[in-house]
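Below is one structure; the comments refer to it alone.
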Amino acid sequence: MGKGNKSLVGYDWKVFLVLAVSLNIVLISKVVYQRDGGQENKIGMLCVDAESGKYGDVHVETPSPTTISSNDVHNDVGDVGDGADHSDAHVIIDLDHGNPTMYEEYWRQMGDKTTIVIPGWQFISYFSDKNNICWFMEPDFAKAAIRLHNLVGNAATQDRYMVVGTGSSQLYQAVLYALTATDNSKPMSVVSAAPFYSAYPVLTDLLKSGLHKWAGDAWALVKDPEIAKKMTRYIEISTIGVSKDSQLRAAKILQTLSDQYNTTNNAEGKERFFDYSYNVMLKRWKELRAAVDNNEKFSLPKFSPDNCTFRGQSFEPQPAFAWLKCEDESVDDCANFLRGHNILGRSGKYFGSSPKYVRISMTDSNYKFKILTKRLAGLKSLDI
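Residue numbering for the sequence shown follows the numbering used here, starting at 7 and increasing by one per position.
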């Protein structure tokens with residue numbers, strides 16, 4: 007009995023040793039092969055038979071990537087340059103989601119200003135501030151968020167209660183939970199003017215509680231303490247609060263943003279974040295309109311200039327998403343039409359609007375945006 011267990015343990019360790027050695031060989035051979043012969047899109051590897059101990063060669067064919075997604079870091083970061091071939095028809099650009107990779111270059115230039123280091127022993131407790139209604143909210147995050155609101159002037163912060171959530175989707179559900187009376191005989195209707203955010207109907211009906219239903223076309227500052235308590239309760243029972251790591255990282259970034267507009271802290275003279283964002287979006291909207299305005303197949307909404315109290319000037323809105331319309335009568339589904347030309351967007355039907363519209367993200371990488379504008383302009387001469 008004892009010998010059997012001993013031999014079994016010995017066998018396990020041999021297998022582990024062989025596997026460990028083989029895995030290291032695989033990594034080394036992969037690196038060497040990719041350096042010397044990676045042009046063929048083959049990765050040379052070695053495998054081992056655990057029973058016989060024999061090694062064999064394995065070659066894995068890896069197809070060349072044709073989809074430019076948010077995870078293609080090397081292609082998404084920065085500007086590829088005007089010399090790149092942005093007209094490659096086989097390249098699929100995914101602009102369905104609001105993926106803000108256009109900011110990667112900016113934050114890289116900031117270096118360690120937004121870097122945080124958290125020792126393993128810190129922030130272990132579930133509680134952040136037991137005296138706060140939102141007891142899992144980090145005080146530094148709350149201070150940074152309120153400071154930024156006061157700087158920009160886009161929200162009233164006095165006599166308000168802040169609730170932190172894992173994104174706006176969770177906060178939206180928390181609001182539904184908090185505002186719904188449990189003694190109603192009928193579910194509460196939730197309405198919004200179209201086009202509305204595409205996730206609203208899904209999130210509203212997701213709870214399936216009978217308390218509310220869809221019936222029509224991040225953090226929250228709440229005035230009523232009872233509503234804030236109910237929202238906090240919802241987040242507590244759904245995710246036991248919000249990741250402290252995320253809050254602390256957000257606090258550091260928000261603090262950096264506010265510090266940039268303090269003249270004593272901006273001595274380096276680097277472009278401030280909101281100025282950078284304004285200039286990038288201004289340039290992108292000009293380029294997109296140039297690609298669309300001379301093309302009868304598409305149209306974009308016209309925006310009237312409005313006053314921005316933060317910048318102290320009037321200018322046309324520069325949304326993070328473009329609401330593109332296919333004007334050609336033969337095109338019933340704009341998203342499907344663009345998909346045929348390797349441009350992925352979100353159909354207007356998901357926003358309570360017509361499928362003649364499609365939502366396109368404006369915040370993705372320079373590389374994908376250049377492909378988008380050149381491809382849209384090129385569709386002008388294409389027969390549908």
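All C-beta atoms in this analysis are idealised placements derived from N, C-alpha and C, irrespective of residue type, glycine included.
Note that the structure is predicted; figures quoted are calculated from it, not measured.
Residues near residue i by beta carbon distance below 8 angstroms, same chain, minus five either side
i: N105; result: S76, S367, T369, D370
i: K386; result: N300, N301, E302, K303
i: P323; result: F309, D312
i: A161; result: H155, L227
i: D118; result: none
i: V248; result: F142, M143, V170, G171, T172, I241
Pick from the options that is closest to residue i, judged by C-alpha positions
i: K376; options: K289, K119, R352; result: K289
i: I233; options: L177, F280, K250; result: L177
i: D251; options: L101, S134, D312, N138; result: S134
i: T172; options: H347, I241, A326; result: I241
i: V123; options: S131, L263, T262, L254; result: L254
i: E335; options: A383, S305, R345; result: S305
i: M116; options: V286, Y282, V298; result: Y282
i: E111; options: T379, N372, R381; result: N372
i: N410; options: T186, R317, A148, F129; result: The question about residue 410 has no answer, for the chain in this structure spans 7 to 390.
i: S131; options: I246, T186, K355, S175; result: I246
i: W291; options: G318, K276, A328, S353; result: A328
i: R295; options: L330, N268, R317; result: L330
i: Y167; options: M108, P231, A180; result: P231
i: M287; options: M108, A95, H96; result: M108
Proximity of residue i and residue j at Cβ, strictly below 7 angstroms
i: D146; j: A257; result: yes
i: V170; j: W225; result: yes
i: C332; j: K362; result: yes
i: S320; j: P307; result: no
i: S204; j: F357; result: yes
i: C140; j: T262; result: no
i: K229; j: A184; result: no
i: N348; j: I98; result: yes
i: L350; j: D165; result: no
i: S359; j: P207; result: no
Distance between beta carbons of residue j and residue i, contact taken as under 8 angstroms
i: V364; j: A383; result: Wrong, their Cβ atoms sit about 17 angstroms apart, outside the cutoff.
i: A297; j: T379; result: 4 angstroms
i: S264; j: R153; result: 5 angstroms
Other residues of its chain near residue i: CB distance less than 6 angstroms, five sequence neighbours each side excluded
i: A150; result: A257, L260, Q261
i: D339; result: P361
i: Q128; result: none
i: R381; result: none
Other residues of its chain near residue i: CB distance less than 7 angstroms, five sequence neighbours each side excluded
i: S174; result: A224
i: R352; result: D102, S204, A341, V364, R365
For the segment 222-306, list the beta strand (DSSP E) runs that are entirely contained and at least 3 residues long, ordered along the chain.
-> 225-228
Can you give, in chain order, each stretch of the beta strand (DSSP E) that sits fully within the segment 137-191 and has at least 3 residues?
-> As summarised for the segment 137-191, the continuous beta strand (DSSP E) elements at least 3 residues long and confined to that stretch are 167-170, given in chain order.
Hey, which unbroken runs of the alpha helix (DSSP H) at 4 residues or more fall wholly within the segment 319-386?
-> For the segment 319-386, whole alpha helix (DSSP H) runs of length 4 or above, ordered along the chain, are 340-345, 372-384.
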